[in-house]
Structure formats: C-alpha cells, structure tokens
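Chains as they are written, first to last, in the working numbering: chain H, 1 to 213; chain G, 214 to 426.
Worksheet: one structure, shown below.
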DNA sequence: AACGACAGAACGATCGCTCGGTAAAAATGC
DNA sequence: GCATTTTTACCGAGCGATCGTTCTGTCGTT
C-alpha cells in the first residue's frame with residue numbers, strides 16, 4: 001500500500017476529496033483518455049484549482065493509483081458478497097456469483113474500461129495490483145466449480161479455463177458494450193451466459209434457462 | 214479511408230517506411246504507453262530524425278490511424294482464410310476458424326493489446342474502424358453457427374452470443390495473457406476452448422477433445 | 001495571531017511539429 | 001559523357017503550446 005502525499009491532516013476530508021477525485025477522474029479519462037486529461041481540466045471539473053487538487057495528491061500518477069486501489073476495494077466487496085450467498089446448491093451459488101459479478105461490471109463499466117485503457121500506462125507495481133484482483137476472482141470461481149465437480153453437480157474438463165472464461169465474458173461486457181448493448185440488456189446477457197455455462201456444466205441436452213435471481 | 218500527409222511521391226518508399234513505423238510504434242507504445250512515447254523516441258528507434266519521420270506522416274495521431282488500418286488488413290486476410298477452409302463439415306469449418314483466429318491473435322498479441330490501450334485515445338472515426346473489424350468477425354462466426362444449426366449439426370440457443378463469446382475468449386488471450394500463459398500454450402488454449410464450445414454445440418454428454426489440427 | 005483550505009500566477013520541462021539547410025541522386029543541357 | 005541544375009530524403013535546431021508541479025498569497029475559521 002503505497003503512500004500518496006497530502007498537505008491536509010484531516011483524514012475524513014482527504015478520504016472525501018479523494019473519493020470525489022477518483023469518480024471525476026474516471027469519467028474524464030474514459031471520455032478523453034489519460035494523456036488528454038490535464039490536471040487543470042480535472043481540477044476544473046472538481047470545482048477546484050490545480051493548487052487545491054495537489055493539496056490531496058502528490059502527482060498525476062497518484063490518481064491512477066487511487067483508482068486502482070478503489071477497484072481493489074470493489075473486488076473485495078464482490079468476493080465478500082459472493083461468500084455470503086453460499087447457502088443453497090452449488091449451481092445456485094455459481095449462478096448468483098455470476099450475477100453479482102456481471103451486475104458489478106455493469107455498474108462500474110467506466111471503471112472497467114478505464115482499467116483496460118491505462119493498463120499499459122501503469123507502473124509495474126500498480127499493474128500487479130490489477131492482476132491480483134482478477135486472479136482472485138478467477139480463483140474464487142475455480143474453487144466453486146471444482147467443488148461442484150467434486151460433489152457431482154457439475155461436469156467440467158477444465159475448471160480453471162471455465163473460471164477464466166467467466167472473467168473474459170465479464171470483461172467483454174465492459175469492453176465490447178458498444179456492440180452488446182444493441183442486442184442485450186445486462187439482465188438478458190447474464191441469463192444467456194448463465195444458461196450456456198450451466199448447459200455445459202450440467203450436460204443438459206437442451207439449453208436451459210435458469211432464472212438468474 | 215482518410216489521407217495521411219507525406220512529402221514523398223515515391224509510393225513504394227512511403228509504404229515501406231510506414232510499415233516500419235507501424236511495427237516499431239506498436240512495440241514502443243505497448244512498452245511505454247502512447248503518451249510516454251514521444252515522436253523523438255520513435256524517430257530514434259526508427260534510426261531517423263523527427264524531421265525525417267514527419268516526412269512520411271502528418272501528425273502523431275496519424276500513426277494510430279496507420280496502425281488501425283493495418284489491423285483492418287489483418288482482419289480481412291483472416292476472414293479470407295476462413296472462407297478458404299470451408300470445404301468439410303461445418304464443425305470442421307468452425308473449428309478451423311477458431312484456430313485461425315486465435316493463432317492470429319497470438320501472432321499479433323502486441324497489436325491487440327495496443328488496440329485495447331489506445332481505444333480511448335482514438336478519434337470517433339478511428340474507433341468506428343476498430344468496431345467494424347470486430348463486428349465483421351462476430352458476424353462471420355454467427356453466420357457459420359447459424360448455418361450449423363440450420364443443418365442440424367449444432368444446437369444453440371443464441372448464435373450471436375456464442376459468436377461474441379469466441380471474440381471475448383480471443384481478446385482474453387491478448388489481454389489476460391500474463392495469467393493464461395502460466396497454464397496454457399496457445400495450442401492447449403485453443404484445444405480447451407474448442408472442446409468446450411463443441412460440447413455445448415453438439416451436446417455431447419462428456420466433454421470431448423476435438424483435435425484442433 | 002495562527003492555521004488550514006484553496007486560488008492562481010509562474011516555472012521548468014517536454015511535447016508535437018516546422019523549417020531552413022545539406023548531401024546525394026536524378027534529371028537536364030550541351 | 002561530362003557539367004550543371006533540380007529534386008529528394010533526411011537532419012536537427014528551434015518555436016510555440018501545453019503539461020505537471022510548485023509556491024506565494026488570500027480569506028475564512030479557530
């Protein structure tokens with residue numbers, strides 16, 4: 001957890017301002033790209049001056065770090081929510097995990113696009129944080145799938161690959177939304193993908209529709 | 214097809230130099246990001262001066278356009294190759310399309326990462342070119358799948374979604390290669406994904422391994 | 001009077017890009 | 001075929017703009 005410089009000693013104020021900075025920066029950067037978003041513009045969008053902005057951050061790159069850290073928090077709360085709903089069959093649990101994951105992506109679509117965009121601008125350390133976030137999600141899904149196979153509820157040839165595919169499908173909703181939104185809502189997308197996955201996992205002879213929720 | 218300014222009238226030389234520029238620029242930008250790659254650096258990497266570089270391009274953004282155009286050519290040749298191998302069963306054709314697509318992604322992984330990275334830096338028009346490339350691939354795959362369903366070879370609930378998933382899986386190989394390369398080679402990845410897709414499509418009760426060439 | 005949040009002018013660095021110059025090659029004249 | 005002019009690929013110093021960042025000053029609160 002790297003330190004980000006601030007000239008304020010009011011912890012709550014720093015947290016509030018930085019939260020505002022993260023939110024506004026993501027919006028701007030997704031719209032105009034990182035390099036075309038100047039600190040002046042960002043400050044203006046925040047209703048501050050550049051000096052005021054630098055009261056709460058140490059450098060422009062710190063903003064990236066703050067955003068990355070914010071996504072780490074989101075990942076953590078996603079995994080927490082997934083754990084919480086583990087009280088029915090594994091099929092139900094898996095279905096709910098996918099629903100939680102994908103609705104989360106939909107809710108923070110800008111953020112996911114942002115991550116993709118700035119990935120190559122990140123320092124090696126910051127990049128690792130992003131990697132670890134995704135890895136944790138894959139690992140969780142893989143665990144659920146493996147458990148399902150062990151209990152005979154699922155049949156799968158490669159749980160790791162399927163877990164990865166869920167992440168790929170989720171990323172696609174963010175990256176390729178311009179295309180998908182012509183044909184699907186997030187709900188119909190979830191329904192379709194869940195159906196396909198469960199067909200594969202349970203070997204139903206006909207594609208089934210599982211009520212996602 | 215936008216025009217890119219040049220001060221040379223030697224068409225072949227322009228083509229050669231620009232090809233060199235595209236290749237070198239992708240390498241540099243993937244390594245350092247677009248904004249951190251200056252025209253000076255690029256010129257140095259090309260063994261030229263900035264003045265010499267601007268002999269063949271009109272602006273830095275033109276480089277992006279040239280790269281985007283290069284990927285359009287790649288997409289076209291991919292689709293051509295797919296069409297060429299349509300001489301067996303639809304299953305064989307579909308399998309071969311996936312193999313061609315994914316090996317192409319592997320071959321130009323830098324380029325695919327690049328596209329993802331600069332997407333938000335692109336002008337609206339250039340963005341559309343990228344979108345159309347992906348759309349054409351999805352459309353082709355969807356056509357193959359629909360044909361397979363019509364002929365009774367495949368069973369699928371939503372061909373469009375499955376076609377999109379292939380693209381998502383291919384993009385994932387480029388974007389998430391840092392993770393996948395720990396566990397798969399491109400060949401084993403193709404094998405695994407093809408197997409899963411065909412299991413879903415043909416409804417085999419056990420995951421089958423299709424020899425992907 | 002002291003402090004902290006913020007403003008905004010100013011600085012140094014770097015950027016994309018231009019432009020006058022050069023040396024070699026091609027075209028031209030005789 | 002040689003000399004001269006024109007063209008062309010390329011160089012690199014330099015321009016103007018903009019960037020990230022700093023720093024001094026202001027104003028309201030304590």
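Every residue gets a Cβ at the ideal spot worked out from N, C-alpha and C, and that includes glycine.
Legend entry - Whole-Å CB distance - residue 68(H) paired with residue 129(H), under 8 Å assumed: Start at 1 with the first residue of the first chain, and residue 68(H) comes out as number 68. Start at 1 with the first residue of the first chain, and residue 129(H) comes out as number 129. Taking the Cβ atoms as the reference, residue 68(H) lies roughly 5 Å from residue 129(H), within the contact range of under 8 Å.
Inset, instruction - Establish whether the CB of residue 176(H) and some CB of chain G are separated by less than 9 Å. - result: In the first chain, residue 176(H) corresponds to position 176, counting from 1. The C-beta of residue 176(H) comes closer than 9 Å to at least one C-beta of chain G.
Legend entry - Beta-carbon contacts of residue 104(H) that lie in its chain and below 6 Å, excluding the five residues immediately before and after: Stepping through the first chain from its first residue, residue 104(H) is reached at position 104. Hits under 6 Å: 78.
Legend entry - Members of the stretch 275-304 of chain G that neighbour chain H once the beta carbon cut-off is set at 9 Å: none
Inset, instruction - Counting only the same chain and skipping the five closest in sequence on each side, list residues whose C-beta sits under 8 Å from that of residue 420(G). - result: Start at 1 with the first residue of the second chain, and residue 420(G) comes out as number 207. Residue placement at residue 420(G) cannot be trusted, given a pLDDT of 41 that sits under 50; the coordinates are not used to answer.
Inset, instruction - Spell out whether any CB of chain H is found under 9 Å from the CB atom of residue 374(G). - result: By one-based count along the second chain, residue 374(G) stands at place 161. Interface residue, yes.
Inset, instruction - Just mark residue 76(H) as buried or exposed, buried being the case when its beta carbon has 16 or more other beta carbons within 10 Å. - result: If you number the first chain from 1, residue 76(H) lands on position 76. Label assigned to residue 76(H): exposed.
Inset, instruction - Say whether the stretch 327-345 of chain G touches the stretch 233-251 of chain G, bearing in mind that this needs 3 or more beta-carbon pairs closer than 8 Å, one atom from each stretch. - result: yes
Inset, instruction - Using the Cα positions of residue 387(G) and residue 9(H), report the straight-line distance between them to the nearest angstrom. - result: Reading the second chain from its first residue, position 174 is the one you call residue 387(G). Reading the first chain from its first residue, position 9 is the one you call residue 9(H). Roughly 43 Å separates the two Cα atoms.
Inset, instruction - Taking C-beta pairs closer than 7 Å, name the residues in chain H that residue 371(G) reaches, listed in chain order. - result: Within the second chain, numbered from 1, the residue matching residue 371(G) stands at position 158. What residue 371(G) touches in chain H: 192.
Legend entry - Alpha carbon of residue 220(G) to alpha carbon of residue 179(H), nearest angstrom: Along the second chain, one-based indexing puts residue 220(G) at 7. Along the first chain, one-based indexing puts residue 179(H) at 179. Going from the Cα of residue 220(G) to the Cα of residue 179(H) covers about 39 Å.
Legend entry - Cβ-based burial, residue 249(G) [other Cβ within 10 Å; buried from 16]: Along the second chain, one-based indexing puts residue 249(G) at 36. Exposed, by the Cβ-count rule.
Inset, instruction - Could you check which residue in 163(H), 93(H), 131(H), 190(H) has the C-alpha nearest to that of residue 406(G)? - result: For the purposes of this step, residue 406(G) is taken as residue 193 along the second chain, with counting starting at 1. Out of 163(H), 93(H), 131(H), 190(H), 163(H) has the C-alpha closest to the C-alpha of residue 406(G).
Inset, instruction - Could you say which of 271(G), 234(G), 358(G) lies nearest to residue 254(G) if we only look at CA atoms? - result: Position 41 of the second chain, counting from 1, holds the residue named residue 254(G). The shortest C-alpha separation from residue 254(G) is found at 234(G).
Inset, instruction - Below 7 Å CB to CB, which residues in the same chain sit around residue 144(H) once its five sequence neighbours on both sides are set aside? - result: Numbered from its first residue, the first chain carries residue 144(H) at position 144. Hits under 7 Å: 90, 93, 94, 97.
Inset, instruction - Specify the secondary structure class of residue 157(H) as computed by DSSP and reduced to three states. - result: Along the first chain, one-based indexing puts residue 157(H) at 157. In this structure, residue 157(H) counts as coil in the three-state DSSP scheme.
Legend entry - As assigned by DSSP and simplified to three states, the class of residue 223(G): Counted from its first residue, the second chain places residue 223(G) at position 10. Residue 223(G) falls in the coil class under three-state DSSP.
Inset, instruction - Using beta-carbon positions only, say whether residue 334(G) and residue 279(G) come within less than 9 Å of one another. - result: Within the second chain, the letter at position 121 stands for residue 334(G). Within the second chain, the letter at position 66 stands for residue 279(G). Not a contact, by the Cβ cut-off of 9 Å.
Legend entry - C-alpha gap between residue 138(H) and residue 185(H), whole angstroms: The residue you call residue 138(H) lines up with position 138 of the first chain. The residue you call residue 185(H) lines up with position 185 of the first chain. Residue 138(H) and residue 185(H): Cα-Cα distance of roughly 24 Å.
Inset, instruction - On a CA-only basis, which of 400(G), 404(G), 321(G), 227(G) is nearest residue 269(G)? Give me that one, please. - result: Locating residue 269(G) in the second chain gives position 56, counting from the first residue. Here the closest residue by C-alpha is 227(G).
Inset, instruction - Tell me whether residue 337(G) is buried or exposed, calling it buried when 16 or more other Cβ atoms sit within 10 Å of its Cβ. - result: What you label residue 337(G) is simply residue 124 of the second chain in a count that begins at 1. Per the 10 Å Cβ criterion, exposed.
Legend entry - Contacts of residue 121(H) in chain G (Cβ-Cβ under 9 Å): Taking the first chain and counting its residues from 1, one reaches residue 121(H) at position 121. Going along chain G in sequence order, the residues near residue 121(H) (Cβ under 9 Å) are 245, 246, 247, 248, 249, 330.
Legend entry - Euclidean distance between Cα positions of residue 401(G) and residue 384(G): To locate residue 401(G), count along the second chain from 1; it is residue 188. To locate residue 384(G), count along the second chain from 1; it is residue 171. Residue 401(G) and residue 384(G): Cα-Cα distance of roughly 16 Å.
Inset, instruction - Please check the pair residue 58(H) and residue 4(H), which I expect to be a contact at CB under 8 Å, by giving their CB distance rounded to whole angstroms. - result: To locate residue 58(H), count along the first chain from 1; it is residue 58. To locate residue 4(H), count along the first chain from 1; it is residue 4. The Cβ separation is near 6 Å, so the contact holds.
Inset, instruction - Following the continuous alpha helix (DSSP H) through residue 335(G), name the residue where it begins and the one where it ends. - result: Position 122 of the second chain, counted from the first residue, corresponds to residue 335(G). Per DSSP, residue 335(G) belongs to no alpha helix (DSSP H) and is neither H nor E.
Legend entry - Three-state class that DSSP yields for residue 182(H) in the structure shown: Position 182 of the first chain, counted from the first residue, corresponds to residue 182(H). In this structure, residue 182(H) counts as coil in the three-state DSSP scheme.
Inset, instruction - Can you tell me which of 101(H), 203(H), 23(H) puts its alpha carbon nearest to the alpha carbon of residue 153(H)? - result: Counting from 1 along the first chain, the entry for residue 153(H) is found at position 153. The shortest C-alpha separation from residue 153(H) is found at 203(H).
Inset, instruction - Could you pull out every residue in the same chain whose Cβ sits closer than 6 Å to the Cβ of residue 230(G), ignoring the five residues on either side in sequence? - result: What you label residue 230(G) is simply residue 17 of the second chain in a count that begins at 1. Around residue 230(G): 269.
Legend entry - Assigned secondary structure, residue 364(G) (DSSP; H/G/I helix, E/B strand, else coil): Taking the second chain and counting its residues from 1, one reaches residue 364(G) at position 151. In this structure, residue 364(G) counts as coil in the three-state DSSP scheme.
Inset, instruction - Please compile the residues from chain G whose C-beta is within a distance smaller than 8 Å of the C-beta of residue 164(H). - result: As a first step, residue 164(H) must be located in the first chain, where it is residue number 164. In chain order: 385, 389, 392, 393.
Inset, instruction - Return no unless some Cβ of chain G is closer than 9 Å to the Cβ of residue 144(H). - result: Reading the first chain from its first residue, position 144 is the one you call residue 144(H). No, residue 144(H) does not count as interfacial toward chain G.
Inset, instruction - Determine the direct distance from the alpha carbon of residue 111(H) to that of residue 146(H), and round the result to whole angstroms. - result: Stepping through the first chain from its first residue, residue 146(H) is reached at position 146. Stepping through the first chain from its first residue, residue 111(H) is reached at position 111. Approximately 30 Å, taken between the alpha carbons.
Inset, instruction - Measure from the C-beta of residue 195(H) to each C-beta in chain G and report whether the shortest distance is under 9 Å. - result: For the purposes of this step, residue 195(H) is taken as residue 195 along the first chain, with counting starting at 1. Chain G contact via Cβ: present.
Legend entry - CA-to-CA distance, residue 389(G) to residue 295(G), given in whole angstroms: Indexing the second chain from 1 puts residue 295(G) at position 82. Indexing the second chain from 1 puts residue 389(G) at position 176. Going by the C-alpha atoms only, they are around 25 Å apart.
Legend entry - residue 295(G) in three-state terms, based on DSSP: Walking along the second chain from the start, residue 295(G) turns up at place 82. The answer is helix: DSSP assigns residue 295(G) an H, G or I state.
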